[in-house]
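Q: One structure is given below, represented as structure tokens, and several questions about it will come after.
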Amino acid sequence: MIAEGGHYALVLAFALALIQSTVPLLGARWRDPALMNVARSTALAQLLFVGLSFAALVTLHVTSDFSVLNVYENSHSAKPLLYKITGVWGSHEGSMLLWVSILALFGGLVAALGNNLPLSLRAHVLAVQAWIASAFYLFILVTSNPFLRIPNPPMEGRDLNPVLQDIGLAVHPPMLYLGYVGFSISFSFAIAALLEGRIDAAWARWVRPWTLIAWIFLTLGIAMGSYWAYYELGWGGWWFWDPVENASLMPWLAGTALLHSSLVMEKRNALKVWTILLSILTFSLSLLGTFLVRSGVLTSVHAFAVAPARGTFILLILCVFIGGSLTLFAGRASSLKQGGLFAPISREGALVLNNLFLTTACATVFVGTLYPMALEILTGARISVGAPFFNLTFAPLFVPLMIAMPFGPMLAWKRGDLLGAMQRLMAAGMVALLAIALAWAWARGGSALAPLAIGLAAFVIAGAASDLAERTGLFRVPPANALRRARGLPRSAWGTAFAHAGIGIALMGIVCETTWNSEYIGTMKLHDSIPLAGYQFTFDGMKERQGPNYQEKAAVFSVAENGKAIAQMTPSKRSFTTRGMSTTEAALLSRGVSQLYISLGDTTPDGGVVVRIYHKPLVLLIWFGPVLMALGGLLSLSDRRLRVGVPKPAKALRALQPAE
Amino acid sequence: MTRKQRRLTIIGCSLAVLGIAAALVLNALRGSIVFFSTPSMVAQQHIAPGTRFRLGGLVQPGSLVRGKNLAVKFEVADGTAKLPVTYKGILPDLFREGQGVVAEGSIDSSGVFRADTVLAKHDEKYMPKEVADELKKTGHWKTDYSDYGGKSGGAVASEANAQAGQGATR
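Top to bottom, those sequences are chains A and B.
If you count the first sequence from 1, position 256 lands on 256 in the numbering used here, and the numbers rise without skipping.
If you count the second sequence from 1, position 54 lands on 54 in the numbering used here, and the numbers rise without skipping.
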């Protein structure tokens, strides 16, 4: 009954989405408030029914109802409760249901919180939101119904892929989807603006918080996915330039550009057309990501078993939405009025430069990801484009971007003073030179570029700090005054500084980890001892453990530093009987922000074991950086102007002048 | 500065950055892409020694020989041709005889493929997509390979292993 109920709720949500995608538009055309208000109620009702549908699938998984195909294929009665719940989105069908649930959640939020939006804008936004939702409901109902029954229910399920039986699955996909789908809001706003033919600074002010929320979740989702891959796959890599990772990086780059360009639009009423285009591109890239992952054109960690019909269907959705929105853009963009003037050297100019580099970097990732596919379709030749390609293209584009980054916040709007900014960044430059000198003196081996990259990271971090120091008047006015000024500083200024510093911190981690990591790979026998990076690793023996749905063979290592034992590490191999698969569970030991990492290979007949031991200096900074960036985003989100600065409806209607 | 000049400045900058990016992309595409071949394609096309490429096929049953210091030898077959492969390092969790494998490296002068990377996936039914397509094309596809490319996690043994394979510390 629960499965049928869930299915029925999904069909109802689809019907509601169809109403929501048409009636409010007619209402806007006829200027009928009652019809326009239909959008609000249908969006909320849609959220309710998708929520019910999702809850039904969760219930089926938790109660291990193996008469449902999706549960049978992805669950097992002995699986811990957490993985029964997270296993809901561990399959293709369930993850698509999560996708539409989050879409409905965002739609519902706009409906519930958008009381200060002009009525017709809200009607348009929610209608566009419902177009996307209808397409995906149809996709689920036609090709990927998670509620299908099996005629003769089996006694036991086939279990979830062991690689996914991890806390990472509870966090990574929902976060990533909140990011991907969150960009649908700025997309809907952009389409609504094009349909209405008017756009202004107030529009940017409404869009910005939604973009910011999506961006925060996407940042955290990508970082979480990277850390998960790092500890789960067992060889200590954290970014592989895998097409699926690129699929999440592209919307992130475009979304970051969008955040910055919408700032220009909000403050200076400029870059309108470009901001609209970026909103469309960002969500298009999110859709492309969904297509790449869900259509089966790629084989990767993320690809689920696929049927060709699904790929075709998603490709169709992709073409209709991207093609349609770009056509609309081409037709309507010229009707949007151009905004304020600015000199090339100015805050606006710096933000344009930021956009230029971010979108170009995004384009190189796009080429590297899709070129092999295009080539295979056109000529049949199969190639792989891996890390070397991206290191040669992506990195050179990020260097000037990061050099320019501290200058941006130092320049004034409209016309900036580059010389003054340079003077104010003198201290940060000194810190960078010092960092280069120190790295040079301490470096043993590794690339000559590494100290320079560390200098760049230090420059970015110190630049962010000197921006704050400059604004609060630290070192110039008495400390008490500076403290008062710091409290009075807009939260968005703190947000900018944190987010920029986060980039520098992540770069620091990346450079140190890739340049100075040390590793040992070989066979160790009982009581063998290996020195690595100042630590002594001793193999003390094997032990067996029994997990809920797996058997585990763990190796015990004792770690000593300067002859003193500091910890025990127990990497293991788990074998999952249901699927006959095994996973490698690495053992991690944090020393400050550096980590020791052991993972196991095969055991040899004479009682030895093949091991990989790594020392990864400052590796945790790679993920602290994005966390700091997300924190910056959060601070910026809590800025006063976004909370109370949005004009009230009556004023807003007057403020919105139609563009000629 | 007039609106026109400003616009020209911005367009000029954009074109410059895009030009640089295009140059970088073309340069990288020339130098760092790797082609995919199967043993029969290698036999037909005669790939020059030292050229890097990806070799895909099935691990020939009975061909795996483990040497000292993590050195391994095996043969990759695709039904019509076979190619011997040497590798030094830890093989991925689900590297098995009779299963699909993709190795990256180059052929040496004696006609042996020296792999520095071996890819296999975490699933007993997994078959790399390239290998499956190739097997289907040459008619060696069996239906019991079904579900290839299915729920799988990647595992890679990389070049780094090979270098440290002697048990030496870097």
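Even for Gly, the Cβ is constructed at its ideal location relative to N, Cα and C.
Can you have a look at B:Lys125 and say buried or exposed, based on whether 16 or more other CB atoms are within 10 angstroms of its CB?
A: What you label residue 125 of chain B is simply residue 125 of the second sequence in a count that begins at 1. Residue placement at B:Lys125 cannot be trusted, given a pLDDT of 41 that sits under 50; what the coordinates show is reported in the next sentence. Burial call: buried.
Q: Can you have a look at A:Pro548 and say buried or exposed, based on whether 16 or more other CB atoms are within 10 angstroms of its CB?
A: As a working mapping, residue 548 of chain A is identified with position 548 in the first sequence. It is exposed - the Cβ of A:Pro548 has fewer than 16 other Cβ atoms within 10 Å.
Q: Closer than 7 Å by beta-carbon distance: list the chain B residues that pair up with A:Thr360, in chain order.
A: Here residue 360 of chain A corresponds to residue number 360 of the first sequence, with the count starting at 1. The contacting residues are Val17, Leu18 and Ala21.
Q: For chain A, is any of its Cβ atoms less than 8 Å away from the one on B:Leu29?
A: Mapped onto the second sequence, residue 29 of chain B falls at position 29. Yes, contact with chain A.
Q: Can you give the beta carbon distance from A:Gly495 to A:Gly408, rounded, assuming they're within the 8 Å contact cut?
A: Along the first sequence, read from residue 1 onward, the residue named residue 495 of chain A stands at position 495. Along the first sequence, read from residue 1 onward, the residue named residue 408 of chain A stands at position 408. Not confirmed; about 14 Å, so no contact.
Q: Which chain A residues are close to B:Arg3, counting only those with a beta carbon under 7 Å from its beta carbon?
A: Looking up residue 3 of chain B in the second sequence gives position 3. Leu341, listed in chain order.
Q: Please name the residue, chosen from A:Leu588, A:Arg545 and A:Ser492, that lies closest to A:Leu631 on a Cα-to-Cα basis.
A: Residue numbering aside, residue 631 of chain A sits at position 631 when the first sequence is read from its first letter. It is A:Ser492.
Q: Apart from the five residues on each side of it in sequence, which residues of its chain come closer than 6 Å, Cβ to Cβ, to B:Ser109?
A: The residue given as residue 109 of chain B occupies position 109 in the second sequence. Once the five neighbours on either side are set aside, the close Cβ partners of B:Ser109 are Pro49.
Q: Can you tell me which residues form a DSSP beta bridge with A:Leu589?
A: Reading the first sequence from its first residue, position 589 is the one you call residue 589 of chain A. Answer is A:Leu596.
Q: Applying the 10 Å Cβ sphere with the 16-neighbour rule, what's the burial state of B:Gln45?
A: By 1-based counting over the second sequence, the position of residue 45 of chain B is 45. Its Cβ having fewer than 16 others within 10 Å, B:Gln45 is exposed.
Q: If we define contact as Cβ-Cβ less than 8 Å, is B:Phe74 a contact residue for chain A?
A: Within the second sequence, numbered from 1, the residue matching residue 74 of chain B stands at position 74. Not closer than 8 Å to any Cβ of chain A, the Cβ of B:Phe74 fails to qualify, so no.
Q: Flag this pair as yes or no: are the beta carbons of A:Thr282 and A:Ser186 separated by less than 8 Å?
A: On the first sequence, position 282 is the one that residue 282 of chain A refers to. On the first sequence, position 186 is the one that residue 186 of chain A refers to. The answer is yes: Cβ separation under 8 Å.
Q: For a cutoff of 8 Å on Cβ pairs, would you count A:Gly255 as touching chain B?
A: Within the first sequence, numbered from 1, the residue matching residue 255 of chain A stands at position 255. Not an interface residue.
Q: What three-state label does DSSP hand A:Phe321 in the structure shown?
A: Here the question's residue 321 of chain A lines up with position 321 in the first sequence. It is helical.
Q: Does DSSP classify A:Met508 as helix, strand or coil?
A: Taking the first sequence and counting its residues from 1, the one referred to as residue 508 of chain A is at position 508. Helix, per DSSP.
Q: Since A:Leu663 contacts A:Ile345 with CB under 8 Å, what's their CB separation in whole angstroms?
A: A question about residue 663 of chain A goes unanswered here, because the residues of chain A that appear run from 1 up to 660.
Q: Output yes or no for whether 8 Å exceeds the beta carbon distance between A:Ser262 and A:Val207.
A: For this step, residue 262 of chain A is matched to residue 262 along the first sequence. For this step, residue 207 of chain A is matched to residue 207 along the first sequence. The answer is yes: Cβ separation under 8 Å.
Q: What do you reckon, are the CB atoms on A:Gly541 and A:Val556 nearer than 8 Å?
A: Reading the first sequence from its first residue, position 541 is the one you call residue 541 of chain A. Reading the first sequence from its first residue, position 556 is the one you call residue 556 of chain A. Yes.
Q: Can you give me the Cβ contacts of A:Leu468 inside the same chain, cut-off strictly under 7 Å, excluding the 5 residues immediately before and after it?
A: Translated into positions along the first sequence, residue 468 of chain A becomes position 468. Around A:Leu468: Ala497.
Q: Hey, does B:Arg52 have any beta-carbon neighbour from chain A nearer than 8 Å?
A: Here the question's residue 52 of chain B lines up with position 52 in the second sequence. Answer no: the Cβ-Cβ gap between B:Arg52 and chain A never drops below 8 Å.
Q: Tell me, please, whether the CB atom of A:Leu69 is closer than 8 Å to any CB atom in chain B?
A: Residue 69 of chain A sits at position 69 when you count from the first residue of the first sequence. False, the Cβ-Cβ gap to chain B never drops below 8 Å.
Q: Taking 8 Å as the CB-CB cut-off, is A:Pro388 touching chain B?
A: By 1-based counting over the first sequence, the position of residue 388 of chain A is 388. Yes, A:Pro388 counts as interfacial toward chain B.
Q: Alpha carbon to alpha carbon, how far is A:Gly5 from A:Leu148? Give it in angstroms, no decimals.
A: Within the first sequence, the letter at position 148 stands for residue 148 of chain A. Within the first sequence, the letter at position 5 stands for residue 5 of chain A. Their backbone Cα atoms lie some 12 Å apart in a straight line.
Q: Apply the 10 Å Cβ neighbour rule to A:Glu544 and answer buried if 16 or more other Cβ atoms are within range, or exposed otherwise.
A: Start at 1 with the first residue of the first sequence, and residue 544 of chain A comes out as number 544. A:Glu544 comes out exposed.
Q: In chain order, which alpha helix (DSSP H) runs of at least 4 residues are fully inside the region 475-521 of chain A?
A: List check, alpha helix (DSSP H) in window: 479-488 and 491-516.
Q: Under 6 Å Cβ to Cβ from A:Ile213, same chain only, skipping five residues before and after it: list those, please.
A: Translated into the one-based positions of the first sequence, residue 213 of chain A becomes position 213. Cβ neighbours of A:Ile213 beyond the five flanking positions: Gly182.
Q: With DSSP run on the structure shown, which of helix, strand or coil describes B:Ala16?
A: To locate residue 16 of chain B, count along the second sequence from 1; it is residue 16. In this structure, B:Ala16 counts as helix in the three-state DSSP scheme.
Q: Could you compute how far the alpha carbon of A:Ala28 sits from the alpha carbon of A:Thr359?
A: For the purposes of this step, residue 28 of chain A is identified with residue 28 of the first sequence, where counting begins at 1. For the purposes of this step, residue 359 of chain A is identified with residue 359 of the first sequence, where counting begins at 1. Distance between the alpha carbons of A:Ala28 and A:Thr359 is about 35 Å.
Q: So, helix, strand or coil for A:Met405, using DSSP?
A: What you label residue 405 of chain A is simply residue 405 of the first sequence in a count that begins at 1. The answer is coil: DSSP assigns A:Met405 none of H, G, I, E or B.
Q: From what residue to what residue does the beta strand (DSSP E) around A:Pro24 run?
A: The count along the first sequence starts at 1 and reaches residue 24 of chain A at position 24. Unbroken run through A:Pro24 is the alpha helix (DSSP H), Ile2 to Trp30; no beta strand (DSSP E).
Q: What do you reckon, are the CB atoms on A:Thr369 and A:Asn246 nearer than 8 Å?
A: Residue 369 of chain A sits at position 369 when you count from the first residue of the first sequence. Residue 246 of chain A sits at position 246 when you count from the first residue of the first sequence. Yes, they are a contact pair.
Q: Determine the DSSP secondary structure at A:Met422, reduced to helix, strand or coil.
A: Along the first sequence, one-based indexing puts residue 422 of chain A at 422. A:Met422 falls in the helix class under three-state DSSP.
Q: Using DSSP with H/G/I as helix, E/B as strand and the rest coil, what is A:Met581?
A: As a position in the first sequence, residue 581 of chain A is number 581, starting the count at 1. Reduced to three states, the DSSP call for A:Met581 is strand.
Q: For B:Val112, name the three-state secondary structure that DSSP assigns.
A: Locating residue 112 of chain B in the second sequence gives position 112, where the first residue counts as 1. Correct three-state label for B:Val112: coil.
Q: Please determine, among A:Met373, A:Arg415 and A:Val365, the residue with the shortest C-alpha to C-alpha distance to A:Asn391.
A: Your numbering for residue 391 of chain A matches position 391 in the first sequence. Among A:Met373, A:Arg415 and A:Val365, the Cα nearest to that of A:Asn391 belongs to A:Val365.
Q: Is there a Cβ of chain A sitting closer than 8 Å to that of B:Val118, yes or no?
A: As a first step, residue 118 of chain B must be located in the second sequence, where it is residue number 118. False, the Cβ-Cβ gap to chain A never drops below 8 Å.
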